[in-house]
Amino acid sequence: MTSVGGTLAVLAPTAGAVVLLMVITVGVLTWSRSPHRFAPALAVIRGAVQLGLISLVLGGVITSPMWVACALLVMFTVAAMTATRRIGFSREHFALMALGMALGVVVTLVIVFATGAIEAQPRYLLALGGIVIGNTMSIATLAGRRLRESTSERWDEVEGWLALGATPRQATLDLARAAVYSALIPSTDQTKTTGLVTLPGAFVGAIFGGISPLEAGRFQIVVLASIMAAGALTAVVLVRGLAPATLRPDAPD
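Shown next as structure tokens:
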């Protein structure tokens, strides 16, 4: 009973704060008449359920290389499917998204662990892999949506280039480059303001876990560099596959 009571004592304030924040979120979006006003709140609920479930199973997974690999595979699959839905789901889009994300994630993790920057242990692979996959998903989503939006908005310009004899890839080359740049802006800004504007979760969590600030900082800079490398590789592969267009794409929802 003591354990249950202690757990409830911790969860009650957390639940209260989360509910109030969700009410504010829905209230503001409703007042502004924004579309899909319940989506952020539903995302928080879904995230809470998923975190609760993963917390229950992590204890038996975190030391097993096989189960860590399975967990990362599940994370990667869900991330690739989520990002693909944001640009219009199809088998071709999913294959391209998975290829780009896999290249970015695998190359990054191999470099980090092969160089010894982070010790090659299952728990570190799960931690870094999860962070890189999540951020790569966001970058891929931004790159794909920005490319499709700009191609649709500037289709007259693209058609003009095609009429002059340019290939579909040449006609959308500038749009593809701009999409990659735009997709990397949030991660770039977060990286260059780390320590001045934000204290990243991995850094703070490492310190709370008893690691020295210097060691936590070393881990965090590896994380940030990994995100940038994986994101750049993913965005470039994705937009190069999406960019050639002979028909005007529908703007993403």
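In my numbering, the protein residues as written are 6 to 258. No residue lacks a Cβ here, since even glycine has one placed at the ideal position from N, Cα and C.
Checklist entry - What is the rounded straight-line gap between the Cα of glutamine 175 and the Cα of proline 249? => result In a straight line, the C-alpha of glutamine 175 is about 8 Å away from that of proline 249.
Item to check | From Thr113, Asp255 and Ala119, residue whose alpha carbon lies closest to that of arginine 159 | outcome: Cα-wise, what sits closest to arginine 159 is Asp255.
Item to check | Distance, aspartate 179 Cα to glycine 206 Cα | outcome: Roughly 35 Å between the two C-alpha positions.
Item to check | Through-space distance from leucine 219 to valine 209, alpha-carbon basis | outcome: Each residue's alpha carbon lies about 12 Å from the other.
Checklist entry - Who does threonine 120 pair with in a DSSP beta bridge? => result Paired residue(s): none; threonine 120 is not in a bridge.
Checklist entry - Expressed to the nearest angstrom, what Euclidean distance is found between the alpha-carbon atoms of glycine 200 and glutamine 225? => result Using only the alpha carbons, I get a separation of about 11 Å.
Checklist entry - Closest by CA to threonine 172, which one among Leu252, Ala74 and Leu77? => result It is Leu252.
Checklist entry - Identify the residues that DSSP records as bridge partners of threonine 203: which are they? => result Its beta-bridge partners are Thr199.
Item to check | Distance, glutamate 97 Cα to arginine 223 Cα | outcome: Near 39 Å, if we compare the C-alpha coordinates of glutamate 97 and arginine 223.
Checklist entry - Using DSSP with H/G/I as helix, E/B as strand and the rest coil, what is serine 231? => result In the three-state reduction of the DSSP assignment, serine 231 falls in the helix class.
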